[in-house]
Amino acid sequence: MVEAMKEILLNLIVWTLLVILGSALLILASRKSEEPERKRAMIPAYVLVLTMGYFLGWATSSKKLPLAFAVFVSGAVLLWLYYRHLEKKGHVLEDERTLRIEEIASRRTLQVAMIVLAFTTIYLSIAQVEKPELRPAFKLTSGLLAILLLLHWGLINYYSRRM
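In the numbering used here, the protein residues as written are 31 to 193.
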């Protein structure tokens, strides 16, 4: 019981430090930003995401799957409500510039993920011969790579017809 309390206390301290550090960084970044109010408005969202992570970690480590899903769904709803509140107050959360930045970042993220998955699949295709316990990992990475490729090509075809 004492060990569990120590672990909870340590996790709470780490969470608190992350909240303080992240909030301080956002405040500092907002001072040097063109849009300081927008950066400061993100602090509650940042705290909410960290809180979700804390409780998701606790729920999954405690093997409480329904609670983990409840935390995820409630956090997503709270974030959505908070962003709607910001939009009603007049904050511009998305404009052409931010959409373009997100588009470029998404493209690069997809490219990096596909390259990493491809290298991992190549490695596991050879390593699974010597170590059969790696076969499920090989199937998972090759399946994820195939799904990403098909989804990417499908979305390219969809948007090329739509736009």
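Glycine included, each C-beta is placed from N, C-alpha and C at the ideal position.
Treat the numbers as computed from the prediction; the structure is a model and nothing was measured.
Rounded to whole angstroms, what is the Cα-Cα separation between residue 31 and residue 79?
Cα-Cα distance, rounded: 29 Å.
How far does the alpha helix (DSSP H) with residue 116 in it extend, from its first residue to its last?
95-118 is the span of the alpha helix (DSSP H), which, as asked, contains residue 116.
Residue 182 by DSSP, collapsed to three states: which one?
Residue 182 falls in the helix class under three-state DSSP.
Neighbour-count burial assignment, residue 143, 16 or more Cβ in a 10 Å radius
It counts as exposed.
Suppose contacts are defined by Cβ-Cβ distances below 9 Å. Is residue 110 in contact with residue 81 by that definition?
Contact annotation: residue 110 and residue 81 have beta-carbon atoms that are not nearer than 9 Å.
Whole-Å CB distance - residue 115 paired with residue 68, under 8 Å assumed
Actually they are not in contact, since the Cβ atoms of residue 115 and residue 68 sit about 14 Å apart, beyond 8 Å.
Using a Cβ distance threshold of 8 Å, determine whether the segment 129-149 contacts the segment 169-187, with at least three qualifying pairs required.
The segment 129-149 vs the segment 169-187: in contact.
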